[in-house]
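S.K.: One structure coming up, written as structure tokens, with questions to follow.
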Amino acid sequence: MVEPIIRMKNIEKHFGLVIALAGVSVDIMAGECHCLLGDNGAGKSTFIKTMSGVHKPSKGEIIFSGEAMKFERPRDAIAAGVATVYQDLAMIPLMSVSRNFFMGNEPIKKFAGISFFDHEYANRVTMQEMKKMGINLRGPDQAVGTLSGGERQTVAIARAVHFGAKVLILDEPTSALGVRQTSNVLATIDKVRNQGIAVVFITHNVRHAMAVGDRFTVLNRGKTLGTAIRGEITPEELQDLMAGGQELASLEGSLGGTV
Amino acid sequence: MSNNVGNAVDDDERVKGMSPLRKAMIRPELGAICGTILVFVFFFLTARDSGMFGAAGVLNWTLVSAQFAIIAVGACMLMIAGEFDLSVGSMIGFAGIILALLTISVGLPTWLAIIITFIVCIGLGAVNGWLVIKTGLPSFIVTLATLFILRGLTIFAAIATTRKTIIGGMREASEGDWLAGLFGGKIFKGFFQWLGDAGMIDVFSRGVKKGMPVVEGIPMLIVWALGLIIIAHIVLTKTRFGNWIFASGGDAQAARYAGVPVNRTKILMFMFTAFCATVFAVCQVMEFGSAGADRGILKEFEAIISVVIGGALLTGGYGSVIGAALGALIFGVVQQGLFFAGVESSLFRVFLGILLLLAVILNTYIRRMITGEK
Ligand SMILES: Nc1ncnc2c1ncn2[C@@H]1O[C@H](COP(=O)(O)OP(=O)(O)OP(=O)(O)O)[C@@H](O)[C@H]1O
Ligand SMILES: [Mg+2]
């Protein structure tokens, strides 16, 4: 069996008296789109934040490419190749796409011993990467503020991929988008996965999950019932699981025995 | 690969092509460029015969514009980084008095006094920045406090040590000082003498200066202004640090997520603003031969007006040094031009207010086209 790129083992997270995660285990494989579903407050965001170095788990182990990892801060996770696109995206609308794309990672060109921002390289790469994702920019100097929500999401994803993400975590990337924009983002997820990157896709929407997901993990009140494989679970069953797992007994079979 | 990229525009029917002219026009400085043209046309029509466009006249308004520009460059960089410094005017008075006290009362050589003044003032700029970052208060409030504190300290220091608010004798004390010449001197003197001798510019026809050209040379203040404009423009638009300045002002949290050292960037910009104020103060002390505790009053607002005329966004993240420099030019030309045109000087403020309003309306319109703001 192939080694998972990230193995989250029995992750627990307590915020004071609140038990946000009560022992969650998930394996993420390279080149898969792993959907994380669950109702509001189920612990999805908390879970991925332990993966991206924002929270330290109270208990449990994170194994990254076969080695035990302790991410002290987000930068450690980024350096290891775990990139997260949060809902608020971390984009600056007043700045151009290419300035945003390279923010914090500006390419440098030396001239007379002085380091200059290599705009030519930045512009070229930005246009190429956006083209790959199927977005036609007017120019690399177009301000991010003139892009639609879905296009911005795509810029953020393209940026993470370009800077060497091995695991890309997307926290509800489609929740604020219309039909067309959503399908664009889902298509982007598909492209990224096909490059061999592991995608963790958080959503409330079963249909969005079914459209691109390879495996599905449902979180409910800080717990998981295990991971289902595409084709072995119907949208209705997923929906029921998210609703609280009342029909748990009748579903166990369809969870592929990984409970 | 890059060929495909070029075709990208043709693929999407919803991306309207933009003519190169329109693209070249739509830039943050457009409002200031229009304003500059307007102002020059206006004064060319109304004050042509007044000597405003003779050698001495040009030097006059260039010098005033350069004074505005030195302060505006600092304010511009800081505003783009998302902060204000209202203490600039007080800093100018403070720097001058410190310099004069160190030279006249303490008796240090001028070059050493200048260096110490720069260190102290840039340090105070860092304190401004540090306070803003640490307290999380708006820089507007923090530097408003510094405005009063510095001004009060300046007057107190001058009176406590010399019983006066103006300290003179700086010209004699700095005679022949190598560093003082960098602020108070003039360059290209020989060239202007030659121009005068050749009859290309006017020469004095009587008095002790008989035979000397009306413009002796280019004052260092103008050289400083040009140097600061060019360097700040390059740093802002052509370097990694420039991207950090835009990012810090555009959205500090987003910049932090992306690994931009926002706090360091902002504090450095406060220090740069203080540096510009000190350059202004030292040039002025050398020009007047004295320091005054009340120098620089309202300078911060003149700087902010220049910057805003130049197209910068008050809330940060957007703007241009070239625009701010043109704003300073407009400011200087209007102020001196009204004088040349013989217009009642109180009308200067009316003119300035109208100009500010027009520029901001035009700039807002342009900015919305560029950034897609609603
Ligand atoms: N920093 C925190 N301090 C205290 N409690 C927290 C904190 N973060 C999350 N929680 C709690 O942990 C639980 C899980 O929250 P989390 O944000 O992970 O849910 P979620 O599944 O992402 O929900 P949503 O779909 O609404 O985004 C909630 O009960 C929440 O109140
Ligand atoms: Mg969440």
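Residue numbers (the working numbering), protein chains in the order written: chain R, 1100 to 1358; chain F, 66 to 439.
Glycine is no exception: its CB is placed at the ideal position from the N, C-alpha and C atoms.
These numbers were taken from a predicted model, which means no experiment stands behind them.
1. Just verifying my parser: in three-state terms, what is the DSSP assignment at S1282 of chain R?
2. Roughly how many angstroms lie between the CA atoms of V74 of chain F and I135 of chain F, to the nearest whole one?
3. According to the neighbour-count rule (16 or more other Cβ atoms, all chains shown, within 10 Å of its Cβ), is D114 of chain F buried or exposed?
4. In whole angstroms, what separates the C-alpha of V153 of chain F from that of A1297 of chain R?
5. If you measure between the beta carbons of A1176 of chain R and A1259 of chain R, is that distance less than 8 Å?
6. Does the distance from the CB of I169 of chain F to the CB of A238 of chain F come in under 8 Å?
7. Who are the neighbours of P1192 of chain R on chain F, taking C-beta pairs under 9 Å?
8. Would you say A1327 of chain R lies against chain F (beta-carbon separation less than 8 Å)?
9. Name the residue from F:L379, F:T380 and F:I374 whose alpha carbon lies nearest to the alpha carbon of L421 of chain F.
10. With DSSP as the reference, identify every bridge partner of A356 of chain F, one or two as the case may be.
11. Among residues of its own chain, excluding the 5 on either side of G361 of chain F, which ones have a beta-carbon nearer than 6 Å to its beta-carbon?
12. Check the Cβ of G307 of chain F against every Cβ in chain R and list those closer than 7 Å, keeping chain order.
13. When every heavy atom of ligand 1 is checked, does at least one fall within less than 7 Å of the C-beta of K1143 of chain R?
14. Relative to the alpha-carbon of M1341 of chain R, which residue among R:G1137, R:S1124 and R:D1289 has its alpha-carbon at the smallest distance?
15. Between the C-alpha atoms of V350 of chain F and L128 of chain F, what's the straight-line distance to the nearest angstrom?
16. Taking only three categories from DSSP, how would you classify I1127 of chain R?
17. Where does P85 of chain F sit, in a helix, a strand or coil, going by DSSP?
18. Any heavy atom of ligand 2 inside 7 Å of the beta-carbon of D1339 of chain R?
19. I want to know whether the segment 323-341 of chain F touches the segment 85-102 of chain F - three or more CB-CB distances under 8 Å.
20. Taking three-plus beta-carbon pairs below 8 Å as touching, is the segment 1115-1128 of chain R in contact with the segment 1320-1328 of chain R?
21. Under the three-state reduction of DSSP, which class applies to I157 of chain F: helix, strand or coil?
22. Answer yes or no: does any C-beta atom of chain R fall closer than 8 Å to that of A323 of chain F?
23. Pull up the distance between the alpha-carbon of I163 of chain F and that of V1196 of chain R, whole angstroms please.
24. Out of R:E1166, R:R1198 and R:A1308, point me to the one whose CA is closest to R1223 of chain R's CA.
25. How far does the alpha helix (DSSP H) with K199 of chain F in it reach, from first residue to last?
26. Of the choices R:E1228, R:T1302, R:G1180 and R:T1145, whose alpha-carbon is the least far from that of F1114 of chain R?
27. The segment 233-250 of chain F: which residues have C-beta closer than 7 Å to a C-beta of chain R, in chain order?
28. Which residues in chain R sit within 9 Å of A320 of chain F, going by Cβ to Cβ distance?
29. What ranges does the alpha helix (DSSP H) occupy inside the segment 1312-1343 of chain R, keeping only unbroken runs of at least 4 residues that lie completely in it?
30. Does the beta carbon of I1301 of chain R sit closer than 8 Å to a beta carbon anywhere in chain F?
31. Report yes or no: is there a C-beta of chain R within less than 8 Å of the C-beta of S67 of chain F?
32. Which value, in whole angstroms, describes the spacing of the CA atoms of E240 of chain F and W176 of chain F?
33. With respect to the beta strand (DSSP E) encompassing R1208 of chain R, which residues constitute its N-terminal and C-terminal limits?
34. Give a single yes or no on whether A1119 of chain R has its beta carbon closer than 7 Å to a heavy atom of ligand 1.
35. I want to see whether chain R comes within less than 8 Å of V70 of chain F, judged by CB atoms only; does it?
36. Below 8 Å, can you find three or more Cβ-Cβ pairs linking the segment 1208-1216 of chain R to the segment 1268-1278 of chain R?
M.R.: Reading off the structure:
1. helix
2. Since pLDDT at V74 of chain F reaches only 39, below the 50 mark, its modelled position is unreliable, and no value is offered.
3. exposed
4. 52 Å
5. no
6. yes
7. G315, D316, G382, T436, G437 and E438
8. no
9. F:I374
10. F:I232
11. G154, I157 and G158
12. F1216
13. yes
14. R:G1137
15. 15 Å
16. strand
17. helix
18. no
19. no
20. yes
21. helix
22. yes
23. 46 Å
24. R:R1198
25. T175 to T200
26. R:T1145
27. none
28. A1189, I1191, M1202 and G1203
29. 1334-1342
30. no
31. Low per-residue confidence applies at S67 of chain F: pLDDT is 38, beneath 50, and the placement is therefore not dependable, though the value from the model is reported in the following sentence. Chain R contact via Cβ: present.
32. 11 Å
33. This sequence places Lys at residue 1208 of chain R; Arg is not what is there. Run containing K1208 of chain R: I1207 to F1210, per the beta strand (DSSP E) assignment.
34. yes
35. With a pLDDT of 37 at V70 of chain F, under the threshold of 50, the modelled position of that residue is not reliable, and the figure given next carries that caveat. For V70 of chain F, the answer is yes, since a Cβ of chain R falls inside 8 Å of its Cβ.
36. no
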